Amino acid sequence: MTSLPLVPLPSSVTPSPGAFFALTADVAVTGDADAAGVLHRLILTRTGLHLTADPGRAVIDVAVDGDGPPESYRMSVDEHRVSIRGADAAGLFYGAQTLGQLIAGSPEGWVIPAVDIADEPRFAYRGVMLDVARHFHDVSTVTAYLERAASLKFNVLHLHLTDDQGWRLALASRPELAARASSSAVGGDPGGFYTPDDYRAIIAHAAANHMTVVPEFDMPGHTHAVGLAYPEVAAAPSLEGWDAAGGPTPVAGEPYSGMGVGFSSLRIGAPATDAFVEDVLTELAELTPGPYLHFGGDEAHGTPAADFATFVARTSRVISRLGKTPVAWHEAGAADDLAPGTIGQYWGFITPTDGADERARAFVARGGRVILSPADAVYLDMKPTADAPLGLTWANGPTSLERAYSWEPVDVVSGLTDDDILGVEAPLWTETVRDLDGIDALAFPRIAAAAEAAWSVATGAADDRTWESFRERVSGLGPLWTTLGIRFPASSEVAWTP
Ligand code: TNX
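Below is the structure:
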């Protein structure tokens, strides 16, 4: 068992006990300029050392050599030298992140233990989602969160840009959205929106961290805010069986600041609605360089089933026609006529209920694949413990770190193989979360468990791909996280290294 604090677990780790590379200010980083920049910043943050620009006493040499699968890297550390080789720029970046986890304080000063590592991802899609609709999160919060995720080898930032409480992306084709539908949030907190330049800045920052942005406009439910801007496309709130749960009741044309779901719907079949969908998705496709557009499709309890099927099928085809791959929450799998290749995002439980697994399998039957976000494992907005100040509990009560870790992706939806699974994504809904401190408090340390599900080999397929090993490895990441400014709660399930 390795006790090196490496998360997610690399494919192969071979330590050389006793030996180490001394990290001092006269070490130079040579080779690839981007990776050298990443390492200079990481080492400065972690240790306070400004590495020399001159050919130093010893070197950390970094290069892309084209060898190995996408995003893979190899690293070797001995007393004299550190070498990192990436198959591509992303692989080299991940090698640098691994090196950051290896840096340790010791009586001899800063050291990197001697080790050989070879590493490659299990899944191509490794996502985090941030809900910027229930509470708006500004560009600096989003970029801080995506840097945290990239350091754990996530490569997708899914932005949940719209919901009942607000529409968060200004669009030239539909100016009333930013003007009238963006100023509210849960609890009456201030709203906000991104300008196209803000959105481009997020995308650029994500790209610099080897992350792709997957934007979501949630439809046909979760659309109350749209009615504030374009009332002709919004159906009246559907309050049958509505449980306000102590919160306000939605009123057409007025901002909604509660936490209820499932009451709103676009007006299906109306020409105005089709034009709206076409406009907002066309502009989103133009603004988005990445291959995916997510159109929601969850919890549309206010939309009759036949209308729902018509709407999601049509919307998936609009996205395909725009040259993008559609992504939808698993409920959309109920529609017969989705665009071939549509990706389904499963948010049921580790043990599926209510046919959620059947919905997910339907995407595969139509040539698509599945993203796994089992809610009782990787919904980072669930309370970590019953007494946690932030978070919700609907997904089988509080989610411990052990439960966040102890699930195997290929065992969730029966009938799926590894090839049917595009990847794993950990969503963070923000009904109870106002700022980066709140994000950190809920995301950490469970985001590390999700990272391991997304990157590392299948559960049990390596000696260290176990809860006991993870618990030990993650305990050593506290000092790195602290220097990165992450205010993680010291979960009592882990014996944290001081
Ligand atoms: C379910 S997951 C939702 C969201 C909520 C979340 C809270 C999903 C596709 N829909 O609307 O924010 O639960 O945990």
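To get the numbering used here, take the position in the sequence shown, counting from 1, and add 625.
Glycine residues also receive a C-beta, built at the ideal position from the N, C-alpha and C atoms.
Since the structure is predicted, the reported quantities are computational estimates derived from the model, not experimental observations.
Closest residue to residue i among the options (Cα-Cα distance)
i     : options                       : result
H847  : G1048, W1121 and W954         : W954
T967  : A985, F974, A743 and I975     : A985
V1099 : A1086, I668 and E1077         : E1077
A934  : E1097, G958, L947 and Y917    : G958
H762  : T1057, E1093, S1116 and R1112 : T1057
V689  : R1090, A660, V702 and T670    : A660
V1124 : V1049, R773 and A1074         : The requested residue 1124 is not part of the displayed model; the chain covers only 626 to 1123.
E857  : G1048, T898 and A1087         : T898
A931  : R1090, G921, V781 and D962    : D962
F842  : L786, V781 and G643           : L786
Q722  : S945, G894 and L667           : L667
D741  : V753, D713 and S708           : S708
G1085 : V652, F1069 and P1034         : P1034
F920  : S945, H926 and E1097          : S945
P873  : I996, F888 and A859           : F888
Y750  : G1063, S890, E1050 and W1054  : E1050
L912  : R747, D822 and A1011          : D822
Y819  : H783, L864 and V757           : V757
P1104 : P1070, V1082 and S1094        : P1070
V654  : R671, T639, T672 and T677     : T677
D1012 : F936, L1041, S1117 and A775   : S1117
G883  : P896, A895, R892 and D868     : D868
Extent of the continuous alpha helix (DSSP H) to which residue i belongs
i     : result
Q790  : Neither: Q790 is in no alpha helix (DSSP H) and is coded neither H nor E.
E1027 : L1026 to Y1030
P1104 : G1103 to T1108
D982  : A981 to A990
S945  : A930 to R946
E772  : V764 to S776
W1092 : W1092 to S1100
R1071 : R1071 to W1080
Other residues of its chain near residue i: CB distance less than 6 Å, five sequence neighbours each side excluded
i     : result
P1114 : A1066
L1061 : T766 and A769
T672  : W735
Assigned exposure category for residue i - 16 Cβ within 10 Å defines buried
i     : result
W1080 : buried
H675  : exposed
G618  : There is no way to answer for residue 618, as the model of the chain reaches only from 626 to 1123.
A960  : buried
A854  : buried
S809  : buried
D744  : buried
H705  : exposed
G816  : buried
L777  : buried
G643  : exposed
A925  : buried
T976  : exposed
Same chain only: Cβ atoms within 8 Å of residue i, ignoring 5 sequence neighbours per side
i     : result
E903  : V943
W972  : D923, W954, H955, A981, S998, P999, A1000, Y1004 and P1052
W1092 : E1027, Y1030 and S1031
C-beta atoms of residue i and residue j nearer than 8 Å
i    : j    : result
L771 : H849 : no
L724 : L664 : yes
A804 : G791 : no
A832 : G852 : no
G734 : A647 : yes
D703 : G656 : no
I611 : R994 : With the chain covering 626 to 1123 only, the question about residue 611 has no answer from this structure.
D679 : P695 : no
L796 : P840 : no
V838 : G915 : yes
G948 : S863 : no
T950 : Y917 : yes
Same chain only: Cβ atoms within 7 Å of residue i, ignoring 5 sequence neighbours per side
i     : result
G1101 : P630 and T1122
G992  : P965 and G966
A826  : V764
D1043 : V1035
M1007 : G1016, L1017, T1018, A1020, P1023 and T1024
Min CB distance residue i to chain B below 8 Å
i     : result
A1074 : Considering every chain present, this structure includes no chain B. It has just one protein chain.
Endpoints, the beta strand (DSSP E) within which residue i is located
i     : result
P862  : Segment: none, P862 is in no beta strand (DSSP E) and carries neither H nor E.
T655  : V652 to G656
Y824  : No beta strand (DSSP E) holds Y824; the alpha helix (DSSP H) holding it covers P821 to A833.
A729  : A729 to S731
F646  : S637 to A647
W1054 : Neither: W1054 is in no beta strand (DSSP E) and is coded neither H nor E.
P738  : G734 to D744
F842  : T837 to M844
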